[in-house]
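Visitor: Residues 340 to 483, numbered by the numbering used here, are exactly what the sequence shown covers, in order.
Input: one structure, supplied below.
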Amino acid sequence: TPGGWTRWRGWRTFRDPLLRCLHIAYLWLIVSFVLRACAGGRAGWHDAAVHAFTIGAYSTLKIGLMTRVGLKHTGRPVRADRPVRIAFAMMPIAAVLRIAFAVLHGPEWLAGASAFLWAAAFLIYLFRFGPLLVRASLPRSAPA
């Protein structure tokens, strides 16, 4: 519920890009439900709801979790560097552009820009984390 979400105090996590990314993904889930409720049989609004879920919620959550888990499982500090923060920012922008395309029925460049940003975000992840994921993990320090 919205009241339950406020008890999470998500605004306190906004200093950490990894946690912020996960909260933004959850917010997109709510946006997708609202858009679906507003669709009322209008194709553009239904498409907007689908893209709010697939790009906004799912893809943002996916890139955030893959980053967090990739860093943790390779023994690296769990923090987002500049390229990762850029990738995180690209995903919600891609969602907004794709939703605008669906609702406004164009212009075509909105869909193209959305697709570019979505793909670029995952390519940043691939180039940043691909080498880390195929190498051995860093040694973990022994517990005290």
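By construction, the Cβ of each residue, glycine as well, lies at the ideal position given by its N, Cα and C atoms.
In this structure, how does DSSP classify S476 when only helix, strand and coil are distinguished?
Guide: Taking the first residue of the sequence shown as position 1, residue 476 is located at position 137. If DSSP states are grouped into helix, strand and coil, S476 belongs with coil.
Visitor: What is the C-beta distance between A434 and G395, in whole angstroms, given that I count them as a contact (C-beta under 8 angstroms)?
Guide: One-based indexing of the sequence shown puts residue 434 at position 95. One-based indexing of the sequence shown puts residue 395 at position 56. Right, their Cβ atoms sit about 4 angstroms apart.
Visitor: Whose C-beta lies closer than 6 angstroms to the C-beta of S453 among residues of the same chain, with five residues either side of it excluded?
Guide: Position 114 of the sequence shown, counted from the first residue, corresponds to residue 453. Hits under 6 angstroms: A433, L436 and R437.
Visitor: Excluding sequence positions up to five away, which residues of its chain have a Cβ less than 6 angstroms from the Cβ of K411?
Guide: Position 72 of the sequence shown, counted from the first residue, corresponds to residue 411. V417.
Visitor: Roughly how many angstroms separate the alpha carbons of V423 and G383, rounded to a whole number?
Guide: Numbered from 1 along the sequence shown, position 84 holds the residue referred to as residue 423. Numbered from 1 along the sequence shown, position 44 holds the residue referred to as residue 383. Spanning the two alpha carbons is a distance of roughly 31 angstroms.
Visitor: Applying the criterion that 16 or more other CB atoms from any shown protein chain within 10 Å of the CB defines a buried residue, is A376 buried or exposed?
Guide: Numbered from its first residue, the sequence shown carries residue 376 at position 37. Exposed, since its Cβ has fewer than 16 Cβ neighbours within 10 Å.
Visitor: Which whole-angstrom value describes the C-beta separation of A364 and T399, a residue pair presumed to lie in contact below a C-beta threshold of 8 angstroms?
Guide: Start at 1 with the first residue of the sequence shown, and residue 364 comes out as number 25. Start at 1 with the first residue of the sequence shown, and residue 399 comes out as number 60. So it is a contact: roughly 4 angstroms between Cβ atoms.
Visitor: On a CA-only basis, which of L404, V370, K401 and G379 is nearest A391? Give me that one, please.
Guide: Along the sequence shown, read from residue 1 onward, the residue named residue 391 stands at position 52. It is V370.
Visitor: Using a Cβ-Cβ distance cut-off of 8 angstroms, determine whether F427 contacts chain B.
Guide: Of the protein chains in the structure, only one exists, and it is not chain B.
Visitor: For the alpha helix (DSSP H) containing G409, name the first residue and the last one.
Guide: Within the sequence shown, the letter at position 70 stands for residue 409. It spans T399 to H412 - the alpha helix (DSSP H) in which G409 sits, taken as one unbroken run.
Visitor: So V370 is in the alpha helix (DSSP H); what residue range does that whole segment cover?
Guide: Numbered from its first residue, the sequence shown carries residue 370 at position 31. Counting along the chain, the alpha helix (DSSP H) containing V370 begins and ends at P356 to A378.
Visitor: Between which two residues does the alpha helix (DSSP H) holding I394 run?
Guide: The sequence position of residue 394 within the sequence shown is 55, counting from 1. Here I394 belongs to no alpha helix (DSSP H), and DSSP marks it neither H nor E.
Visitor: Need the endpoints of the alpha helix (DSSP H) that F427 sits in, please.
Guide: Taking the first residue of the sequence shown as position 1, residue 427 is located at position 88. Note, F427: alpha helix (DSSP H), R421 to L443.
Visitor: Since I believe I402 is in contact with M430 (beta carbons under 8 angstroms), could you give me their beta-carbon distance rounded to a whole number of angstroms?
Guide: As a working note, residue 430 is residue 91 in the sequence shown. As a working note, residue 402 is residue 63 in the sequence shown. With a Cβ gap of about 6 angstroms, M430 and I402 count as contacting.
Visitor: Since G414 contacts L357 with CB under 8 angstroms, what's their CB separation in whole angstroms?
Guide: Taking the first residue of the sequence shown as position 1, residue 414 is located at position 75. Taking the first residue of the sequence shown as position 1, residue 357 is located at position 18. At roughly 16 angstroms, the Cβ-Cβ gap does not stay under 8 angstroms, so G414 and L357 are not in contact.
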